[in-house]
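Single-structure report; data block below.
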Amino acid sequence: MDWLNAIVQGTLLGGLYALFAAGLSLIFGVMRLVNIAHGDLIVLAAYLGLTTTVALGVHPLLALIVVVPAMAAIGYALQRGILNQTLGDDLLPPLLVTFGISVILQNALLEVYTADPQKMNAGALETASFDLGGLTLGWLPVLTMLVAIAVIAGLQWVFYRTPLGRAFRATSDNQDIAQLMGLNKAHVFGLAMALALAVTAIAGLFLGIRTSFDPSIGGGRLIFGFEAVIIGGLGNLWGTLAGGVILGVAQTIGAKIDPGWQLLAGHIVFLLILAVRPNGLFPRVAA
Amino acid sequence: MPEPILNTRGLTAFYKDFQALYGVDLSVDQGEVLAIIGANGAGKSTLLRSIAGLMRNGADQIAFKGQPIGALRADQVAALGIALVPEGRQLFPSLSVEENLLIGGRIKRPGPWSLEAVYKLFPILKERRNQASTSLSGGQQQMVAIGRALMSNPDLILFDEISLGLAPIIIKDIYDALPGIVGGGMSAVIVEQDISKALSVSSRVYCLQEGRVSLEGATGEISREAISRAYFGVE
């Protein structure tokens with residue numbers, strides 16, 4: 001029963017990791033941009049959520065109404081103002097620039113919020129649970145998982161059923177030809193980053209409700225997000241959810257064996273999958 | 001003489017340090033089908049890419065309906081009513097046949113072309129509309145590429161090597177469809193290596209050689225010998 005419990009809790013943890021990863025997956029898919037600052041943007045979203053809940057006295061989940069559009073606006077401005085200038089045939093400039101943004105964000109957050117760990121107060125939601133077949137499930141992890149599924153389904157719908165998604169896919173396929181179709185790639189990329197950071201806002205809020213956070217934890221979230229994306233296969237959003245779940249289960253099982261092994265077990269499973277299936281489990285593009 | 005819909009003046013174009021066009025002067029009249037011929041590397045595709053906005057050119061080097069467009073981006077040029085059918089078709093592989101056409105129709109200019117009109121011109125595409133564009137034969141892909149360009153209802157359509165890599169029978173089908181496309185008053189520029197094909201549908205022809213215009217004239221008035229000379233540069 002303990003093991004089953006570990007697997008179920010790990011699966012639910014995977015929902016959070018999928019939320020970390022969805023934005024990364026989206027921007028890599030659309031513009032081949034590897035965003036090193038992604039984890040710090042998640043942390044930024046958590047802090048924006050904290051400020052909103054404190055300033056307005058609202059529940060953290062209600063803060064989404066403010067944080068999601070704020071992060072989307074930041075994303076659009078970041079893309080049009082800085083990141084578009086780094087995109088080209090060479091993968092190195094965007095890596096370096098987003099690494100720089102990561103450092104700047106961390107230090108800015110330190111200046112504004114100090115290094116003290118913070119946490120959002122979500123009231124009863126934090127501890128509420130229910131029994132299911134002998135297992136005790138927390139409402140918050142279950143809600144996180146449901147939101148992750150809804151977010152991925154929503155992104156999938158946008159990508160494959162709307163004109164915006166068509167524009168994303170066309171621009172991803174061939175930027176020059178997409179431009180001929182009247183798509184200004186600078187704007188399309190801005191919209192993609194806005195959408196990615198809107199998802200990041202949700203990830204940041206759930207992170208900040210679930211655990212305490214401080215300005216330095218962005219790197220760790222970035223790694224979890226990356227691992228979920230790679231395990232699931234690049235460019236496959238449902239694969240990203242599966243990748244998050246696999247990572248979460250590996251971590252909880254590792255922690256079950258020995259509490260010190262939680263993170264290590266996740267990384268080992270990631271490396272094993274990478275060794276056996278370099279393109280991930282469900283790659284969209286055949287190698 | 002009708003006003004030219006497009007003209008270029010001293011058009012130059014570069015790929016990094018390599019100069020591909022050396023001062024090309026060209027004009028396309030309203031409703032005219034113009035052919036551009038020339039050997040490989042003469043600058044034909046570069047010329048079309050320049051007009052479509054995919055190259056960096058001087059603002060005043062290209063004028064469309066009297067407006068300088070040389071410095072505009074491709075999406076801005078497309079919105080003014082120029083569409084390019086690119087060499088090698090270049091469909092979007094992640095998009096179905098119908099989605100490829102729909103994205104061509106993102107620019108909603110008024111005119112006769114719509115999804116239905118394209119399907120009427122190329123009925124096979126309607127049957128295949130939900131397939132991946134990569135699953136089509138080369139000829140069918142070319143039909144999608146042409147349909148995609150038509151969907152924006154351009155005033156000027158540029159065809160870059162539409163016969164390249166296609167079987168002769170397919171080429172004939174596609175060229176047979178051309179009068180139906182340009183008949184409605186649309187102007188067209190056709191770039192071809194297949195000279196006889198290009199001459200058969202056009203009223204005027206330019207020959208490019210090493211980035212310069214080496215010959216220009218009405219299709220009926222130019223001799224084959226003059227074309228060979230202009231094409232190969234042998235005197």
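Protein chains in written order, with UniProt numbering: chain A, 1 to 287; chain B, 1 to 235. The C-beta atom is built at its ideal place from N, Cα and C for all residues, glycine as well.
So residue i contacts chain B; which residues on that side make the cut at Cβ distance below 8 Å?
{"i": "residue 182(A)", "result": "75, 78, 79, 106, 107 and 152"}
{"i": "residue 166(A)", "result": "95, 99, 102 and 103"}
For residue i, name the three-state secondary structure that DSSP assigns.
{"i": "residue 17(A)", "result": "helix"}
{"i": "residue 272(A)", "result": "helix"}
{"i": "residue 213(B)", "result": "strand"}
{"i": "residue 97(B)", "result": "helix"}
{"i": "residue 165(A)", "result": "helix"}
{"i": "residue 162(B)", "result": "coil"}
{"i": "residue 213(A)", "result": "strand"}
{"i": "residue 85(A)", "result": "helix"}
{"i": "residue 205(B)", "result": "strand"}
{"i": "residue 175(A)", "result": "helix"}
{"i": "residue 27(A)", "result": "helix"}
Going by Cα to Cα distance, which pick from the options is closest to residue i?
{"i": "residue 39(A)", "options": "3(A), 116(A), 213(A) and 248(A)", "result": "213(A)"}
{"i": "residue 15(A)", "options": "210(A), 64(A) and 60(A)", "result": "210(A)"}
{"i": "residue 232(A)", "options": "7(A), 24(A), 1(A) and 8(A)", "result": "24(A)"}
{"i": "residue 174(A)", "options": "31(A), 263(A) and 13(A)", "result": "31(A)"}
{"i": "residue 269(A)", "options": "120(A), 91(A) and 227(A)", "result": "227(A)"}
{"i": "residue 83(B)", "options": "103(B), 232(B), 96(B) and 173(B)", "result": "103(B)"}
{"i": "residue 139(A)", "options": "146(A), 129(A), 147(A) and 133(A)", "result": "129(A)"}
{"i": "residue 190(A)", "options": "243(A), 74(A), 21(A) and 238(A)", "result": "74(A)"}
{"i": "residue 121(A)", "options": "49(A), 267(A) and 28(A)", "result": "49(A)"}
{"i": "residue 144(B)", "options": "51(B), 155(B), 216(B) and 105(B)", "result": "105(B)"}
{"i": "residue 88(A)", "options": "110(A), 172(A) and 66(A)", "result": "172(A)"}
{"i": "residue 136(B)", "options": "90(B), 63(B), 117(B) and 15(B)", "result": "90(B)"}
{"i": "residue 317(A)", "options": "119(A), 6(A) and 63(A)", "result": "Beyond the ends of chain A as shown, which are 1 and 287, falls residue 317(A); an answer cannot be given."}
{"i": "residue 107(B)", "options": "62(A), 67(A) and 183(A)", "result": "183(A)"}
{"i": "residue 210(B)", "options": "9(B), 159(B), 45(B) and 34(B)", "result": "45(B)"}
{"i": "residue 97(B)", "options": "160(B), 155(B) and 146(B)", "result": "146(B)"}
{"i": "residue 162(B)", "options": "55(B), 27(B) and 48(B)", "result": "48(B)"}
Name the chain A residues that come within less than 7 Å of residue i, Cβ to Cβ?
{"i": "residue 90(B)", "result": "174 and 177"}
May I ask which residues mark the beginning and end of the alpha helix (DSSP H) holding residue i?
{"i": "residue 161(A)", "result": "139-161"}
{"i": "residue 206(A)", "result": "185-210"}
{"i": "residue 99(A)", "result": "92-113"}
{"i": "residue 129(A)", "result": "Looking at the DSSP string, residue 129(A) is not in any alpha helix (DSSP H); the run it does join, the beta strand (DSSP E), is 129-132."}
{"i": "residue 182(B)", "result": "168-182"}
{"i": "residue 124(B)", "result": "123-127"}
{"i": "residue 41(A)", "result": "38-56"}
{"i": "residue 70(A)", "result": "60-78"}
{"i": "residue 245(A)", "result": "237-257"}
{"i": "residue 105(B)", "result": "Taken as a continuous stretch (DSSP letters only), residue 105(B) belongs to no alpha helix (DSSP H), as it is neither H nor E."}
{"i": "residue 148(B)", "result": "138-150"}
{"i": "residue 223(A)", "result": "218-232"}
{"i": "residue 227(B)", "result": "224-232"}
Taking only beta-carbon positions, decide if residue i is within less than 9 Å of chain A.
{"i": "residue 94(B)", "result": "yes"}
{"i": "residue 103(B)", "result": "yes"}
{"i": "residue 53(B)", "result": "yes"}
{"i": "residue 14(B)", "result": "no"}
{"i": "residue 148(B)", "result": "yes"}
Would you give the residue range spanned by the beta strand (DSSP E) that residue i belongs to?
{"i": "residue 29(B)", "result": "18-29"}
{"i": "residue 187(B)", "result": "187-192"}
{"i": "residue 6(B)", "result": "4-15"}
{"i": "residue 64(B)", "result": "62-64"}
{"i": "residue 83(B)", "result": "82-85"}
{"i": "residue 34(B)", "result": "33-38"}
With 9 Å set as the bound, which would you pick, yes or no: does the beta-carbon of residue i sit closer than that to a beta-carbon of chain B?
{"i": "residue 163(A)", "result": "yes"}
{"i": "residue 169(A)", "result": "yes"}
Identify the contact partners of residue i in chain A, using a Cβ-Cβ distance below 9 Å as the criterion.
{"i": "residue 84(B)", "result": "177 and 180"}
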